[in-house]
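To start, the structure itself, in structure tokens.
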Amino acid sequence: MISAKAYAAATARAPLAPVSIARRDPAADEVLIDIHYCGICHTDLHCARDEWGGQPFPCIPGHEVAGVVRAVGSAVTKYQVGDRVGVGCMVDSCGTCPACLAGIEQHCETGTVWTYGAQSAYRPGDPGTGHTLGGYSSAMTVKENFVVRIPDSLPLDRAAPMLCAGITTYSPLRRYGAGPGKRVGVIGLGGLGHMAVKIAHAMGAEVTVITTSPGKAADARALGADKVLVSTDKAHMREGAASLDVIIDTVSAEHDIDMYMQLLRLEGALVLVGLPPEKLKVTAFTLTGARRVFTGSNIGGIGETQEMLDFCAAHGVMADIEMIPATGINAAYDRLSAGDVKYRFVIDSKTLG
Ligand code: NAP
Ligand code: ZN
């Protein structure tokens, strides 16, 4: 057993506080990772505050993990001690169902094991809790098949957020053909949104940011946006009507899907990646009138995550971060709730305790 420092929410109403936890010694096919940095995803906040319901506690969030391999199990072939690695939103899946065989382990038919808050049908839960404990911790033990390699040109701190925010936006951008000649919209310039802008721009698409924050317009352009629409300005939104092929919607709260879908051209698609706890409404005519598609996307497979990191390394794409000590996690959550982030908080794991 390996002891590790971590930050946990004891209940949905409790602020996160320091705790000591145990990690298991690596099994034959597992690696033990010394975590150097962990990004703060808005999902962490949804979970730590139990906004979706059903979250097991204590909750140790964190699924944007970057670190270095400390030890490897006897059958590990892909990684060696000292390798720079990352872990994203999942740590296991059945490996044999059609989804796993197709490389979309996040849709495992038997049940994907999420990096935190999941009970595993395949592995024991983390010692002491029975459910998985995430990356707001100094170390974690993970099956090698759910670990990715961080290319040397990506600094670990700026790579960490890519393990969720990067792959969650890269995957639908690829699937919906972002590239030269495609007009891509990104709603919400937060952690996911800023990665979507950088990646879509690197793919060669024309990028429009749709934001509630007029003050983010200059940043949006600096990140790679060609156009910015302020969604609270009705005239501005009318100017953008029927102009986009695909929209990546990263909004974390309730919002007016109909209004945003007016920006789509004939047969354009709005891909929801944001996960507001509230139900979202869409009017039938919004869809039927221009054969528009309203769909969603959930992170991306392990192979695709590696592809995303390699693509970003080749294009010099990485997250824009604000590094915080662990004592700043609760304040960072409050700022995230208020949309005040540029553009991803990252925890320096040395400060966990
Ligand atoms: P974030 O950094 O907080 O960014 C969300 C952005 O949405 C905000 O910065 C803001 O941008 C905009 N926004 C917030 N409230 C809004 C409202 N009421 N109306 C319109 N826009 C609003 O969050 P994140 O970490 O990028 O995560 C975004 C969402 O994606 C969360 O719900 C998270 O749980 C989810 N998520 C999903 C997946 C997946 O696989 N599907 C993976 C990761 C995260 P502006 O100031 O520009 O308007
Ligand atoms: Zn996330």
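For the sequence shown, position 213 matches number 218 in my numbering, and the numbering has no gaps at all.
All C-beta atoms in this analysis are idealised placements derived from N, C-alpha and C, irrespective of residue type, glycine included.
**Item:** Pairwise C-alpha distance: D88 and V73
**Value:** 5 Å
**Request:** Check whether the Cβ atoms of V214 and H206 lie closer than 8 Å to each other.
**Result:** no
**Asked** Can you round the beta-carbon distance between R188 and D250 to whole angstroms, since I take them to be within the 8 Å contact cut?
**Response** 5 Å
**Selection from G193, A222, G220 and D49 that minimises the alpha carbon distance to I252** = G193
**Request:** Specify, as a first and last residue, the run of the alpha helix (DSSP H) that I307 falls within.
**Result:** I307 to H320
**Request:** Evaluate the contact criterion for the segment 88-101 versus the segment 112-119: three or more CB pairs, one atom per stretch, below 8 Å.
**Result:** yes
**Request:** Could you tell me if E35 is buried or exposed, where buried requires 16 or more neighbouring beta carbons within 10 angstroms of its beta carbon?
**Result:** buried
**Prompt:** How close, in whole Å, do the beta carbons of V153 and V90 come, if the pair is a contact with beta carbons under 8 Å?
**Reply:** 7 Å
**Message:** For ligand 2, I want to know if T48 counts as a neighbour, meaning its beta carbon is within less than 7 Å of at least one of the ligand's heavy atoms.
**Reply:** yes
**Asked** Can a CB atom of chain B be found closer than 8 Å to the CB of I38?
**Response** This model lacks chain B altogether, as it is built from one protein chain only.
**Request:** Excluding the 5 residues preceding and the 5 following I172 in the sequence, name in chain order all residues of the same chain whose CB lies nearer than 7 Å to its CB.
**Result:** G93, I304, G305, E309, T310 and M313
**Asked** Which two residues bound the contiguous beta strand (DSSP E) that contains D224?
**Response** No beta strand (DSSP E) holds D224; the alpha helix (DSSP H) holding it covers A222 to L228.
**Item:** Cut-off 7 Å between Cβ atoms - residues of its own chain near L292, not counting five sequence neighbours on either side
**Value:** F299
**Three-state class that DSSP yields for P330 in the structure shown** = coil
**Asked** Between G44 and the rest of its own chain, which residues show a CB-CB distance below 6 Å, the 5 nearest in sequence each way excluded?
**Response** E69, A165, P166, R349 and V351
**Request:** Measure the C-alpha to C-alpha separation of G186 and G209 and round it to an integer number of angstroms.
**Result:** 8 Å
**Asked** Using the beta-carbon count (16 or more within 10 Å), is G59 buried or exposed?
**Response** exposed
**Prompt:** Thinking C-alpha only, which one of H47, D325, L168 and Y121 is nearest T137?
**Reply:** Y121
**Message:** Nearest by alpha-carbon distance to A225: which of K347, S79, A9 and P63 is it?
**Reply:** K347
**Item:** Close Cβ partners of V202 (< 8 Å) along its chain, the five nearest in sequence each way excluded
**Value:** V191, L194, V212, V214, A225, L228, G229 and A230
**Message:** Is any non-hydrogen atom of ligand 1 found closer than 7 Å to the C-beta of C43, if you look at the structure I gave you?
**Reply:** no
**Item:** For I155 and L277, the rounded distance between their alpha carbons
**Value:** 27 Å
**Item:** Counted within 10 angstroms of its Cβ, other Cβ atoms place K284 as buried (16 or more) or exposed
**Value:** exposed
**Prompt:** Would a C-beta distance cut-off of 8 Å place L161 and Y84 closer than the cut-off?
**Reply:** no
**Request:** Compute the minimum distance between the beta carbon of V278 and the heavy atoms of ligand 1, and state whether it is under 7 Å.
**Result:** yes
**Asked** Is the beta carbon of H51 within less than 7 Å of some heavy atom of ligand 2?
**Response** no
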